[in-house]
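Everything on this sheet refers to the single structure shown next.
Residue numbers (this note's numbering): 32 to 263.
Pasting the structure below:
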């Protein structure tokens, strides 16, 4: 595939993954957002205001877990650059390992009581750390793509661009940006919907879907590296 096709493939895959993991965490872990720090702040405030302690600990700890994921991704990228190695496979593998931990802890925690338990708390921390790696990967290595885990800015941008197009701005860059953001938003939404049904049907085993996506991305990246080596 050419660069444009590869960019779209990565964008759609990673957006689907982010929507999927965030929704599954929300459904399975009593409203925990693994990829949405803002949402967890809102839920913490709501729980404190209502004097509710149910599952609030997981929301407090999700923030440092997310930060840890970002920090690990940054470390891996810097180390890869110092050794003149490709960083994307390393951060994808780290995300894979953390999501596998999310699934394993979730399966061990099942059935999860209404107040949660230690294993469900661990599952949430693995999930938040995985999405911290995911978010940092977008910033550090895939900044040319539309953001894949935060849709508020994407929706804002596409509405602005659609208004410009409606008013007669036929700039090619605006049209291309609309297409780029459209596929990202759609993939995130589809991922969220399928995750909810997947969790209802199969529980935490539904996380096999994002794990498979990461394996596909790793395989595609390896093929791309091979093609670059041959061309060099």
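C-beta atoms are modelled at their ideal positions from N, C-alpha and C, and glycine is treated no differently.
Exercise for the section: Please report the residue range of the alpha helix (DSSP H) in which residue 120 lies. Expected result: 119-140
Problem - Backbone secondary structure at residue 65 - three-state DSSP - result: coil
Handout entry: Separation of residue 150 from residue 121, as counted between CA atoms
Key = 27 Å
Exercise for the section: Look up residue 85 in the DSSP assignment and say whether it is helix, strand or coil. Expected result: In this predicted model, residue 85 has a pLDDT of only 49, less than 50, meaning its place in the structure is not dependable; the value taken from the coordinates is given anyway. Here residue 85 sits in coil by DSSP.
Problem - Span separating the alpha-carbon of residue 245 from that of residue 184 - result: 24 Å
Practice task
Would you tell me roughly how many angstroms separate the C-alpha atoms of residue 13 and residue 193, rounded to the nearest one?
Solution key: The question about residue 13 has no answer here: the residues shown for the chain are numbered 32 through 263.
Handout entry: Exposure label - residue 53; buried when at least 16 CB within 10 Å
Key = buried
Exercise for the section: Please state whether DSSP places residue 175 in a helix, a strand or coil. Expected result: coil
Exercise for the section: Would you please state the rounded distance, in angstroms, between the beta carbons of residue 130 and residue 242? I believe it to be under 8 Å. Expected result: 6 Å
Handout entry: Close beta carbons around residue 253, own chain, < 6 Å, minus the five adjacent residues each side
Key = none
Handout entry: C-beta contact flag for residue 105 and residue 177 at 8 Å
Key = no
Problem - Where the alpha helix (DSSP H) containing residue 115 begins and where it ends - result: Taken as a continuous stretch (DSSP letters only), residue 115 belongs to no alpha helix (DSSP H), as it is neither H nor E.
Handout entry: Contact set for residue 251: own chain, Cβ-Cβ below 6 Å, skip 5 residues either direction
Key = none
Handout entry: Whole-angstrom C-beta distance between residue 240 and residue 223, which should lie under 8 Å
Key = Their Cβ separation, rounded to whole angstroms, is 12 Å, which puts residue 223 and residue 240 out of contact at 8 Å.
Problem - Range of the contiguous alpha helix (DSSP H) that encloses residue 262 - result: 239-262
Exercise for the section: Report yes or no: do the segment 90-110 and the segment 156-176 share at least 3 C-beta pairs separated by less than 8 Å? Expected result: yes
Handout entry: CA-to-CA distance, residue 227 to residue 79, given in whole angstroms
Key = 27 Å
Problem - Beta-carbon proximity check, residue 101 vs residue 125, cutoff 8 Å - result: no
Exercise for the section: Using three-state DSSP, classify residue 182 as helix, strand or coil. Expected result: helix
Practice task
Take residue 261 and list the residues in its own chain whose beta-carbon comes closer than 8 Å to its own, dropping the five residues that flank it on each side.
Solution key: none
Problem - Backbone secondary structure at residue 162 - three-state DSSP - result: helix
Exercise for the section: Look up residue 199 in the DSSP assignment and say whether it is helix, strand or coil. Expected result: coil
Practice task
Quick one: using the 10 Å Cβ neighbour count with 16 as the cut-off for buried, is residue 71 buried or exposed?
Solution key: buried
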